[in-house]
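Read through the structure below, which is laid out as structure tokens, and then see the notes.
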Amino acid sequence: MTLDPTVARQMISADLLRLRKKRGMIALALAVVLVPLVIATGYDVVRHASDPAHYAPAGGLNNFGRLLDLLGIFMGPVAAILIGAEAGAGDLAAGVFRDNVLTGRSRTALFLARIPAAVAVTLTVTAIAFALGIGTTFGFAGGLPTPDATLILQSLAWLALANSVVCVIAIGVSSLTGSRAGTITALIGWELVLSPLLVQAVSLGSLRRGLLDAVLAFLKPGPASGAPVIPMPVAVAVVVTIAWLLILPALGARRMRTRDA
Amino acid sequence: MCAARAALTVIGMEITEANQLEGHRRPAVDHREPAVETYGLTKRFGDRIAVDDVSLVVPRGVAYGFLGHNGAGKTTLIRVLLGLTRASAGRASVLGLPVPAQRARALARVGAIVEEPSFYPHLTGYENLKVAAAVRGPETRARIEPVLERVGLDKRSRDRVGTYSLGMRQRLGVARCLLSDPELLILDEPMNGLDPGGMLDVRRMIRALVEDEGRTVFVSSHLLDEVEKTCDVAAIIDGGCVIAQGSIEELVADDGGELVIECDDTARALALLAGDPTVRELRAEHGALRMKLLARDQAGEVNSRLVAAGLVVTRLEPARRSLEDRFLEMTTRLEVAA
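Residue numbers (this note's numbering), protein chains in the order written: chain A, 1 to 261; chain B, 262 to 599.
The following block contains the structure:
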């Protein structure tokens with residue numbers, strides 16, 4: 001059974017339907033990116049309002065850098081993990097995987113259809129949070145400098161890359177393990193705890209270039225923020241990103257093909 | 262192990278007056294290759310043999326019951342047929358196509374529910390079928406509304422599946438099977454957990470799929486009465502072995518030639534026939550006489566003798582066993598033999 005473009009489009013659209021209708025998961029993903037943003041900005045706004053002499057306005061370029069860290073390195077990837085894990089293991093959890101297999105459709109095609117759908121949902125969530133962040137950057141800038149259009153576009157592309165890669169990895173890991181909860185726990189632990197620690201472990205030297213967080217911090221546009229940046233050739237950054245993008249999803253796809261339905 | 266059981270096998274795949282008692286229409290005999298055919302199919306899990314040397318022929322255009330206790334190997338055989346797990350030995354074909362070699366081509370013409378129909382509970386019935394149709398191909402999209410109507414779920418199709426009863430999910434499962442307009446439906450325990458009304462709905466639906474639409478429906482079940490009421494042909498599996506297969510009529514036929522007689526004085530009739538040379542076996546049971554004659558055409562003579570003795574005979578007919586009786590008899594004999 002070959003996969004023609006119409007079927008591929010329908011399968012992606014079906015996966016998109018099942019993801020976007022998972023309202024609890026979507027709400028959680030949005031909350032994960034929006035709540036910290038609102039709290040951080042609100043805190044800065046109140047602080048600046050109470051003592052403008054000591055505290056800068058909540059918006060402006062520095063705030064924009066912090067927004068990028070939040071959406072591209074910390075909470076954005078968490079949202080991407082939630083969505084990717086659902087996309088990768090949702091049909092197994094619901095028991096629908098077997099019925100999909102029973103159609104005779106290639107399991108690889110079933111796996112690949114998950115990726116564009118999950119990435120689309122992740123990018124939508126990221127874009128909503130980014131739009132709110134841009135609003136606060138300009139709205140509360142006071143007299144501070146603000147990002148120009150080029151920087152905004154570069155940042156958007158970087159966020160899309162960062163969160164898409166994490167989402168695809170989450171799809172791969174959840175397809176590999178067959179467990180949403182396990183995938184979410186393991187990847188959030190990696191993303192928020194282990195990986196940042198390893199990036200800062202100077203003793204690891206150039207090995208740290210193999211960490212996705214290190215690559216993303218290196219590629220991040222705009223003003224430097226708190227996260228350490230490990231210098232590396234752009235080619236290395238590209239190769240490492242592609243490796244992360246391929247290895248775990250390939251393992252997930254392989255497991256999909258061999259999994260007992 | 263199965264070799265000993267083979268002696269019990271009733272082979273007779275001709276569809277005769279199957280299930281007349283239930284008023285089934287007689288399915289037309291279909292001369293195309295069988296819907297399912299297996300030869301020496303075996304599935305082992307380590308040392309345990311789940312399916313043992315099973316040879317089956319499922320004719321086209323019938324409701325075929327696959328009967329067995331829980332754990333007898335029904336679902337394992339279905340999983341092998343559908344390519345969900347590989348056979349350890351033997352071969353199988355579905356709609357004339359060898360599986361697993363041509364599994365994808367075969368499954369494109371098959372609709373199946375294995376174990377229980379599963380859906381995304383957060384989606385509506387319609388949306389679940391939309392997701393299923395997307396995987397099956399563009400031509401199936403247009404069939405969503407008709408199949409929902411076909412299974413009687415058109416009015417609830419916009420409700421979330423999480424709110425559906427088990428019977429509704431079973432029907433939605435059948436609707437999903439019908440999306441690809443299959444020639445063969447394989448339903449694993451479709452009556453499981455259903456109330457009597459739900460069972461009746463599913464039974465009627467299966468009969469309509471066979472009689473009105475000419476499909477073949479392969480139903481696995483441990484509910485003997487339901488198989489007897491629903492199916493034209495059946496196989497009985499026990500301990501991984503098929504111990505009998507044939508039309509329901511053949512399976513329940515009284516090969517012992519037993520007669521049941523009811524009259525106004527059972528004790529007198531018993532005494533009268535006790536020394537009769539035409540009677541081989543005789544006993545009173547539940548207010549009736551049950552007997553075996555040397556030849557069945559001697560039933561008229563027995564009746565005449567009773568009437569001549571002044572007894573009023575109210576019933577005289579060949580004893581008919583239910584599929585349940587037959588099933589229990591076979592499996593009990595096998596247990597004793599083991």
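C-beta atoms are modelled at their ideal positions from N, C-alpha and C, and glycine is treated no differently. Fair warning: this is a prediction, and the values are worked out from it, not measured in the lab.
Asked	Found
Proximity below 8 Å, CB of S481 (chain B) to CB of E450 (chain B)	yes
Contact set for V471 (chain B): own chain, Cβ-Cβ below 7 Å, skip 5 residues either direction	P288, G322, V323, A324 and V478
Beta-carbon contacts of A149 (chain A) that lie in its chain and below 7 Å, excluding the five residues immediately before and after	none
Pairwise C-alpha distance: R107 (chain A) and P196 (chain A)	35 Å
Distance between F306 (chain B) and P295 (chain B) (C-alpha atoms, nearest Å)	28 Å
Neighbour-count burial assignment, L338 (chain B), 16 or more Cβ in a 10 Å radius	buried
Whole-angstrom C-beta distance between R347 (chain B) and P359 (chain B), which should lie under 8 Å	With 8 Å as the limit, P359 (chain B) and R347 (chain B) do not qualify as a contact, their Cβ atoms being about 13 Å apart.
Nearest-angstrom Cα separation, counted from P579 (chain B) out to V422 (chain B)	49 Å
DSSP three-state assignment for P382 (chain B), whether helix, strand or coil	coil
Own chain partners of L132 (chain A) with C-beta closer than 7 Å, once the 5 adjacent residues on each side are dropped	L34 and L37
Cβ-based neighbour list, R255 (chain A), same chain, cut-off 7 Å, excluding 5 preceding and 5 following	S175 and L176
Assumed close pair L328 (chain B), L534 (chain B) - CB separation to whole angstroms, cut-off 8 Å	About 36 Å separates the two Cβ atoms, so there is no contact after all.
Amino acids of chain A, ordered along the chain, whose beta-carbon sits closer than 9 Å to that of F380 (chain B)	A94, G95, V96 and D99
Inter-residue CB distance, L584 (chain B) and V513 (chain B) (contact presumed, cutoff 8 Å)	5 Å
Rounded separation between R576 (chain B) and A333 (chain B) - CA only	39 Å
CB contact below 8 Å: R66 (chain A) versus chain E	Structure shown: chain E not included; protein chains present are A and B.
Residue-chain proximity (R287 (chain B), chain A), Cβ-Cβ < 8 Å	Caution applies to R287 (chain B), whose pLDDT of 48 falls short of 50 and renders its modelled position unreliable; the model cannot decide the point.
CB contact check: E406 (chain B) to chain A, cutoff 8 Å	no
Cut-off 7 Å between Cβ atoms - residues of its own chain near C492 (chain B), not counting five sequence neighbours on either side	A324, Y325, G326, V480 and I509
Where the region 387-418 of chain B meets chain A: residues whose CB sits under 9 Å from a CB there	E388, N389, K391, V392, A393, A394, A395, V396, R397, G398, P399 and R402
Check whether L151 (chain A) and P57 (chain A) have beta carbons under 8 Å apart	no
Nearest to R640 (chain B) (by Cα), restricted to the options B:R581, B:E562, B:A570 and B:D313	The requested residue 640 (chain B) does not occur in the structure, where chain B is confined to residues 262 to 599.
Rounded straight-line distance, which links the Cα of P320 (chain B) to that of A528 (chain B)	48 Å
Min CB distance A369 (chain B) to chain A below 8 Å	yes
Segment contact, 8 Å Cβ cut-off, at least three pairs: the region 72-80 of chain A with the region 95-114 of chain A	no
Residue environment, Q101 (chain A), which counts as buried when at least 16 other CB atoms sit within 10 Å	The amino acid occupying residue 101 (chain A) in the given sequence is Val; Gln does not appear at that position. It is buried - the Cβ of V101 (chain A) has at least 16 other Cβ atoms within 10 Å.
7 Å Cβ cut-off: residues of chain A touching T346 (chain B)	D260
Residue nearest to R402 (chain B) in terms of C-alpha spacing, selected from B:G301, B:S441, B:L455 and B:L433	B:S441
Euclidean distance between Cα positions of A87 (chain A) and S379 (chain B)	17 Å
Any C-beta of chain B under 8 Å from that of M11 (chain A)	yes
Same chain only: Cβ atoms within 6 Å of L212 (chain A), ignoring 5 sequence neighbours per side	W244
Contact check, V463 (chain B) vs Q431 (chain B), beta carbons under 8 Å	yes
Assumed close pair E474 (chain B), R370 (chain B) - CB separation to whole angstroms, cut-off 8 Å	Not confirmed; about 14 Å, so no contact.
3-residue-minimum beta strand (DSSP E) runs that sit fully inside the region 501-589 of chain B, ordered along the chain	502-508, 519-524, 540-546, 549-554 and 574-579
Contacting residues, own chain, Cβ-Cβ under 8 Å from T539 (chain B) (five flanking each side not counted)	L554, L555, A556, Q559, E562 and V563
Where R352 (chain B) falls: helix, strand or coil (DSSP)	strand
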